[in-house]
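Working notes, beginning with the structure itself.
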Amino acid sequence: MLPPKRYHGLLLLAFIIMILPLFLTNNFHYDVAIHIGINAIVVVGLNLLIGYAGQISLGHAGFFGLGAYTSGILTANYAWPPLLALGAGVILVGLLAFLVAHPILRLKGHYLAMATLGLGMIISIVLSTEDRYTGGPDGMTVPSFSLFGWEILGEQNWYWIIGCLLLLSIWLALNLIDSPVGRALRAVHGSEVAAQVVGIDTIRYKILIFVISAIFASIMGSLTAHYTGFITPVIADFFHSIELVTMVVLGGMASTFGVVIGAFILTLLPQFLANVEEYEVMIFGLILILTMIFLPKGLLPTLIALKKRHTA
Amino acid sequence: MSLLKIEGLTKTFGGVHAIEDLSFTIQAGTIHSVIGPNGAGKTTLFNLITGIYAPTSGKILLEGWDIAHKPPYELAKLGLCRTFQNLQICFNMTAIENVMMGSHLHLNTSFLAALFRFPTLSQGDHECREQAAELMKLVGLSKYITADADSLPYGALKRLEIARALATSPRLLLLDEPAAGLNPKETAEIDEVIQKICQSGVTILLVEHDMKLVMNISDHILVLDYGKKLAEGKAEEIRNNTAVIEAYLG
Ligand SMILES: Nc1ncnc2c1ncn2[C@@H]1O[C@H](COP(=O)(O)OP(=O)(O)O)[C@@H](O)[C@H]1O
Ligand SMILES: [Mg+2]
Chain A
528 MLPPKRYHGL LLLAFIIMIL PLFLTNNFHY DVAIHIGINA IVVVGLNLLI GYAGQISLGH
588 AGFFGLGAYT SGILTANYAW PPLLALGAGV ILVGLLAFLV AHPILRLKGH YLAMATLGLG
648 MIISIVLSTE DRYTGGPDGM TVPSFSLFGW EILGEQNWYW IIGCLLLLSI WLALNLIDSP
708 VGRALRAVHG SEVAAQVVGI DTIRYKILIF VISAIFASIM GSLTAHYTGF ITPVIADFFH
768 SIELVTMVVL GGMASTFGVV IGAFILTLLP QFLANVEEYE VMIFGLILIL TMIFLPKGLL
828 PTLIALKKRH TA
Chain B
3 MSLLKIEGLT KTFGGVHAIE DLSFTIQAGT IHSVIGPNGA GKTTLFNLIT GIYAPTSGKI
63 LLEGWDIAHK PPYELAKLGL CRTFQNLQIC FNMTAIENVM MGSHLHLNTS FLAALFRFPT
123 LSQGDHECRE QAAELMKLVG LSKYITADAD SLPYGALKRL EIARALATSP RLLLLDEPAA
183 GLNPKETAEI DEVIQKICQS GVTILLVEHD MKLVMNISDH ILVLDYGKKL AEGKAEEIRN
243 NTAVIEAYLG
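For the record, the sequence lines run as chains A and B. Numbering-wise, this note's numbering comes out as the position in the first sequence, counting from 1, plus 527. Numbering-wise, this note's numbering comes out as the position in the second sequence, counting from 1, plus 2.
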């Protein structure tokens, strides 16, 4: 029996993840692949908020950074087990996201973008200035991840872990989208008033998905801290937030596989821009603008629409 | 038995009285129509009853309970649902998903169950889809069951809104100009659909400009003019009311 159609893309991706190591010839290649996977997971979560529920966050790097530093500080300075520290990050970020979203999302209009922009900046400034705990702009070292006495080391092991987590998060996202909760989220985007008159508490759903997407970022921040072993406040800054939003917009809002492609392209891109690094911010901004003008639906949805028109 | 009772309802915007000291009663199981020229306050009345606007003063009693100031999603739980004069379709979904979202209150909306796709949830979702397909057939949309919402023509979208509202299993259904922009054949079909819905036990509050349709199917008609009640009564009473003829029917 074939698996349900909704999972076909997932199987294809699993296959790609399995054969990819044949082409990864050194640890640097693995490292790039791992960062693609990490970004992909973050934007799968962010896309639930932006693409499906139609709410904008310009501060998700803040949640990523907060997760990373919670893990870093608790494991390095207080010898917490990494998994527990990761959980503490989730609770902290979840609570913070809830406290911010609760008053903001009650207001009509796009205040969330403004509020998250401010929140992201505050987080990144706090991480830079509280150097007693964070090491300040110079960053801090973070011990490796260990689980039940098993220490996760080396690019190859991390590759498989991130690969599995990517498949898991896509599976969860696909399930969510095609469920009553997912329809409620999409209805919030499609027509908030229509959603309300059929009994959907739209504010509650907006808060819920904002918190969930923040938690995605926090978890990946924690894992990134352990994987790289060294973090600086740069991971929480505004530019990183814009990178994440650009991945969603370029790949395709409301397309889970689209945003994975967006993460793939935009994580690889800087590798080719090594000698024009100072223009990186500009190039990302340009990609964002050009996509919004010429490919408002994003890469994958546009390709799918083209193919449909071609076969029809 | 009266299902809905409006008492001294007033809504002002700036200095404009969109609805002014309006009182009337809707009997359960009937088709109750509201007519009046553009700007008379019909849509505002709907927005007040469904909780989209809060009244400036007055009461809205559903079986004796004051429901004014309750948010729309709470009112949906009490069995109120509506369609919109200006379409409110979710174009980011398929046509049938627009109807399925109407079943929201009757489905398992647990977040964990959704994430892990618990078998009970997929079962419920499957039944919901079949029900939605039935409702689409009922309103004459069988050929759009697999279509995207943005591929439907205007007349079909109007009916899609009715199907979505029906999916909530309402007790009181408010239809805001369901025949606007439809050709005579489509209007006749809507006419039939509304009567069918009423026969299934749903009370209907209808705003409509098509006089033939209104006279044809209404048990009771309320005439609004500048937010105030101009006349009220059975179809033939309204047809022969001189004030109404002067103000509206011409
Ligand atoms: N949100 C609003 N803000 C200001 N004025 C409004 C608003 N909604 C309706 N009105 C005014 O209330 C009056 C009644 O409008 P409406 O209820 O839409 O009439 P109808 O549906 O009978 O054509 C109009 O004068 C309209 O301009
Ligand atoms: Mg109107």
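Glycine is no exception: its CB is placed at the ideal position from the N, C-alpha and C atoms.
Go to residue i, then tell me how far its beta strand (DSSP E) extends in each direction, as first and last residue.
i        : result
A:Trp607 : Unbroken run through A:Trp607: none, as it is neither H nor E.
A:Ser535 : Here residue 535 of chain A is His; the residue named in the question, Ser, does not match the sequence. Counting along the chain, A:His535 falls outside any beta strand (DSSP E), though it belongs to the alpha helix (DSSP H) covering His535 to Ile546.
B:Glu22  : Val18 to Gln29
B:Thr205 : Thr205 to Val209
B:Val36  : Ile33 to Ile37
B:Cys83  : Leu82 to Arg84
B:Asp178 : Leu174 to Asp178
Would you mind telling me which residues of chain A sit closer than 8 Å to residue i, beta carbon to beta carbon, in chain order?
i        : result
B:Leu123 : Ser706 and Pro707
B:Ala20  : Simply none; closest approach about 18 Å.
B:Thr111 : Pro707, Val708 and Ala711
B:Arg84  : Val724
Which chain B residues sit within Cβ distance under 7 Å of residue i?
i        : result
A:Val720 : Ile54 and Gln90
A:Arg713 : Cys92, Asn94 and Met95
A:Ala781 : Asn94
Along chain B, which residues have their Cβ under 8 Å away from the Cβ of residue i?
i        : result
A:Gly604 : At residue 604 of chain A the sequence reads Asn, which differs from the Gly that was named. Chain B residues near A:Asn604: none, gap ~33 Å exceeds 8 Å.
A:Asn702 : Ala116, Leu117, Phe118 and Arg119
A:Leu699 : Leu117 and Phe118
Determine whether the Cβ of residue i lies closer than 9 Å to any Cβ atom of chain B.
i        : result
A:Arg836 : no
A:Gly690 : no
A:Met528 : In this prediction, A:Met528 has a pLDDT of 49, which is less than 50 and means its spatial position is unreliable; what the coordinates show is noted afterwards. Not an interface residue.
A:Met819 : no
A:Leu572 : In the sequence under discussion, the amino acid at residue 572 of chain A is Gly, which differs from the Leu named in the question. No, A:Gly572 lies away from the interface with chain B (no Cβ there is under 9 Å from its Cβ).
A:Leu833 : no
A:Leu830 : no
A:Leu540 : no
Which chain B residues are close to residue i, counting only those with a beta carbon under 9 Å from its beta carbon?
i        : result
A:Gly717 : Gln90, Ile91, Cys92, Phe93, Asn94, Met95, Asn100, Met103 and Ala151
A:Ile652 : In chain order: nothing, as chain B lies at least about 33 Å away.
A:Leu735 : Phe113
Using a Cβ-Cβ distance cut-off of 9 Å, determine whether residue i contacts chain A.
i        : result
B:His71  : no
B:Asp127 : yes
B:His34  : no
B:Arg119 : yes
B:Cys130 : yes
B:Lys79  : yes
B:Ala182 : no
B:Ala167 : yes
B:Glu136 : no
B:Glu191 : no
Against residue i, what residues of chain A qualify as contacts under a CB-to-CB distance less than 9 Å, listed in chain order?
i        : result
B:Thr170 : Val724, Val725 and Gly726
B:Leu107 : Val725, Gly726 and Ile727
List the residues that DSSP assigns as beta-bridge partners of residue i.
i        : result
B:Ala115 : B:Ala115 is not bridged to any residue.
A:Phe672 : A:Ile679
B:Gly235 : B:Ile223
B:Glu9   : B:Lys61
A:Ile758 : A:Met667
B:Trp67  : B:Leu64
B:Ser4   : B:Gln29
B:Phe15  : B:Val18
A:Lys635 : None; A:Lys635 has no bridge partner.
Just the chain A side, please: which residues come within less than 7 Å of residue i by C-beta, in chain order?
i       : result
B:Tyr75 : Gln723, Gly726, Ile727 and Asp728
For the alpha helix (DSSP H) containing residue i, list its first residue and its last residue.
i        : result
A:Val720 : Glu719 to Val724
B:Glu163 : Tyr156 to Ala169
A:Leu817 : Glu807 to Phe821
A:Asp728 : Premise fails: A:Asp728 is in no alpha helix (DSSP H) and is neither H nor E.
A:Leu826 : Leu826 to Thr838
A:Leu549 : That residue, A:Leu549, is in no alpha helix (DSSP H); it is neither H nor E in DSSP.
Examine chain E for any beta-carbon lying closer than 9 Å to the beta-carbon of residue i, and answer yes or no.
i        : result
B:Glu163 : In summary, chain E is missing from the structure at hand, where the protein chains are A and B.
Check: Is there contact between the segment 670-687 of chain A and the segment 62-73 of chain B, where contact requires at least three CB pairs shorter than 8 Å?
Finding: no
Check: Is the segment 95-102 of chain B in contact with the segment 131-151 of chain B, if contact means three or more CB pairs nearer than 8 Å?
Finding: yes
Next item on the list: For the segment 707-723 of chain A and the segment 588-603 of chain A, state whether three or more C-beta atom pairs, one from each stretch, are separated by less than 8 Å.
Entry: no
Note to self: Would you call the segment 558-569 of chain A in contact with the segment 720-730 of chain A, where contact means no fewer than 3 C-beta pairs closer than 8 Å?
What the structure shows: no
Notebook entry, point to check: On the three-pair Cβ rule with 8 Å, is the segment 753-769 of chain A touching the segment 796-804 of chain A?
Noted result: no
Checklist line | Segment contact flag, the segment 626-640 of chain A with the segment 578-588 of chain A, C-beta cutoff 8 Å, min 3 pairs | finding: yes
Next item on the list: Taking 8 Å as the threshold, find out whether the segment 155-169 of chain B comes into contact with the segment 121-128 of chain B through three or more Cβ pairs.
Entry: no
Checklist line | Cβ pair count under 8 Å reaching 3, the segment 20-29 of chain B against the segment 802-816 of chain A | finding: no
Notebook entry, point to check: Does the segment 611-620 of chain A come close enough to the segment 732-752 of chain A to have 3 or more Cβ pairs within less than 8 Å?
Noted result: yes
Notebook entry, point to check: Between the segment 209-220 of chain B and the segment 179-195 of chain B, are three or more C-beta pairs nearer than 8 Å?
Noted result: yes
Notebook entry, point to check: Is there contact between the segment 787-798 of chain A and the segment 761-775 of chain A, where contact requires at least three CB pairs shorter than 8 Å?
Noted result: yes
Check: Can at least three beta-carbon pairs, one atom from the segment 232-248 of chain B and one from the segment 217-224 of chain B, be found at a separation below 8 Å?
Finding: yes
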